[in-house]
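Numbering (this note's numbering), first residue to last: 1359 to 1639. For each residue, glycine too, the CB sits at the ideal point set by N, CA and C. This structure is a prediction, so every number in the text was calculated from the model and none was measured. Following: one structure in structure tokens, then a few remarks.
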Ligand SMILES: C[S@@+](CC[C@H](N)C(=O)[O-])C[C@H]1O[C@@H](n2cnc3c(N)ncnc32)[C@H](O)[C@@H]1O
């Protein structure tokens, strides 16, 4: 099954052509960067990779990942989060799940279990997890929940597959409540769909609180990292401007990224990390 996400088509085509800067910055992790001091961002592919690793580390640390655990990374992309955990921990059972088999093929070609760890990449949908109840210590979803058919279904599934005491950690883009009413006029959902595919950013921190409560997850962390992720936009634009995409397409993508950057600078679109705990029985 191949869900339409045009940015992955561009990315895979660029990687196939051997773009060194794409390979370095987006060949492993496909998400925004985290800079503890955004003013010091260097806007190079090397610096971007460090920032992408920092975001991954922030999310898996929020889920209290430790040696000897079974960890599921949902929407695993090219396997960057599995790779980071594989390198940092021992005796791990690591499973990456993704809807897009092309991404999984790349993950399988570049990530191999270290020491006593095991690594597995499996095709599947976040909202129908092909795993048994109570089978993971941690579930992660790095920058992908807005693509899923339903946050509610994903939460039910994450809760089901987690062991009691297990953690779910994720990052998400949340549109300011008032702005989501205006969105038809701004056209954010519409213009971003053409590059990012189907995305639902019409959710709030309060909606997360209600969702967690309805499923009986305890909220452990809500961290707004919009400020720390802002250098991403300038870096993305520097990658897209010189690309050989047709000019109309390039202008459209740059306009979308510019709009998302502006909304983020105005804090009308926020990038937030969450961690939830399934209570011990
Ligand atoms: C922005 S990428 C993030 C990839 C990866 N988490 C990372 O941080 O590098 C979003 C990912 O969500 C995946 N995805 C979208 N819908 C999905 C679904 N219903 N089930 C599983 N994965 C999905 C996409 O294929 C893509 O890999």
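At a Cβ-Cβ threshold of 8 angstroms, residue 1442 and residue 1411 count as neighbours. Annotation for residue 1584 indicates a beta carbon at 7 angstroms or more from all heavy atoms of ligand 1. Spatial neighbours of residue 1420 in its own chain (CB-CB distance under 7 angstroms, excluding positions within 5 residues in sequence) are listed in chain order as 1527, 1579, 1631, 1633. Comparing alpha-carbon positions, the option among 1393, 1362, 1369 lying closest to residue 1588 turns out to be 1393. Nearest in C-alpha terms to residue 1571, of all of 1602, 1532, 1514, 1521, is 1514.
The stretch 1500 to 1520 and the stretch 1557 to 1577 touch, with three or more beta-carbon pairs separated by less than 8 angstroms. Residue side-chain check: residue 1557 keeps its Cβ at 7 angstroms or more from all non-hydrogen atoms of ligand 1.
By the rule of a C-beta closer than 5 angstroms to any heavy atom of ligand 1, the residues picked out are 1387, 1388, 1389, 1433, 1435, 1438, 1456, 1457, 1458, 1483, 1484, 1500, 1501, 1502, 1505, 1506. Residue 1483 is bridged by DSSP to 1486. Note that the stretch 1384 to 1398 touches the stretch 1429 to 1440; at least 3 beta-carbon pairs, one per stretch, sit closer than 8 angstroms. At a Cβ-Cβ threshold of 8 angstroms, residue 1522 and residue 1637 count as neighbours.
Note on geometry: alpha-carbon atoms of residue 1585 and residue 1628 lie some 9 angstroms from one another.
Just so you know, the alpha carbons of residue 1465 and residue 1380 end up roughly 16 angstroms apart. In the same chain as residue 1423, and ignoring 5 residues on each side of it, the C-beta atoms closer than 7 angstroms to its own belong to 1429, 1443, 1447, 1496, in chain order. Across the structure, residue 1416 and residue 1461 are spaced so that their CA atoms are roughly 23 angstroms apart. Around the Cβ of residue 1533, a 10 Å sphere holds 16 or more other Cβ atoms; the residue is buried. Selection 1599, 1583, 1602 evaluated against residue 1623 yields 1583 as nearest (Cα-Cα).
Each residue's CA atom was taken as its position, placing residue 1425 and residue 1439 some 15 angstroms apart.
The beta carbon of residue 1596 lies closer than 7 angstroms to those of 1401 in the same chain, with the five residues before and after it left out.
Taking a C-beta distance under 8 angstroms as the contact criterion, residue 1569 and residue 1509 qualify as a contact pair. The beta-carbon distance between residue 1366 and residue 1458, rounded to whole angstroms, is 7 angstroms. This is short enough to meet the 8 angstroms contact definition.
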